[in-house]
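A.B. asks: Please read through the structure below; I'll follow up with questions.
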Amino acid sequence: MKAGEFKKILKPLIKQAVKEVLFEEGILSKVVSEVVKGMSSNLVVENAAKEAIKPQKEGLRRQEELLEQQRQARIKKLNESTNLGSKVFENVRQIPESTQPGPLSGVPAGDSGVDITGIQNLASGKWKAMLGNQ
Numbered sequence: 016m017k018a019g020e021f022k023k024i025l026k027p028l029i030k031q032a033v034k035e036v037l038f039e040e041g042i043l044s045k046v047v048s049e050v051v052k053g054m055s056s057n058l059v060v061e062n063a064a065k066e067a068i069k070p071q072k073e074g075l076r077r078q079e080e081l082l083e084q085q086r087q088a089r090i091k092k093l094n095e096s097t098n099l100g101s102k103v104f105e106n107v108r109q110i111p112e113s114t115q116p117g118p119l120s121g122v123p124a125g126d127s128g129v130d131i132t133g134i135q136n137l138a139s140g141k142w143k144a145m146l147g148n149q
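In my numbering, the protein residues as written are 16 to 149.
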């Protein structure tokens, strides 16, 4: 007898035997009732666990608020100690928008740039010597 033929004969027999055991002997109803009992006890445990977590979350939230208040107080104290207040951006001009990309794309045409005469005075004409080209 081949395996396929054996399977065709045996499969319906096993199927029928399992149905008889599950339905006629009441095993399925017992399994379902046990599962329901197990789930109902888990729900109580889950609810109790959730109730226990709520105070912890509230405590964490309060702690976060306290830390944020302390951080804001430190920032305020630092700002007051610098004596700058709102003077930081005084006399600052807005950089015009430019459509062309480039190294000076955000610099207005009339901007004189940085004064480097102090650097030139330090070198006092010794540029070639400093570069090694005498």
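We put the CB at the ideal spot given by N, CA and C, even for glycine.
1) Going by alpha carbons, who is nearest to Gly125 out of Gly117, Leu137, Ile110 and Glu80?
2) Between which two residues does the alpha helix (DSSP H) containing Phe21 stretch?
3) Would a C-beta distance cut-off of 8 Å place Ile42 and Val36 closer than the cut-off?
4) With a threshold of 7 Å on Cβ separation, who are the neighbours of Lys72 within its own chain once the five nearest residues in sequence on each side are excluded?
5) Which residue's Cα is closest to the Cα of Gly121: Val46, Arg108 and Thr132?
6) Using DSSP with H/G/I as helix, E/B as strand and the rest coil, what is Glu105?
C.D. replies: So, from the listed chains and residues:
1) Of the candidates Gly117, Leu137, Ile110 and Glu80, the one whose C-alpha sits nearest the C-alpha of Gly125 is Ile110.
2) For Phe21, the uninterrupted alpha helix (DSSP H) run begins and ends at Ala18 to Lys34, by DSSP.
3) yes
4) So the list is empty, once near-sequence residues are dropped.
5) Arg108
6) DSSP, read as helix, strand or coil, puts Glu105 in coil.
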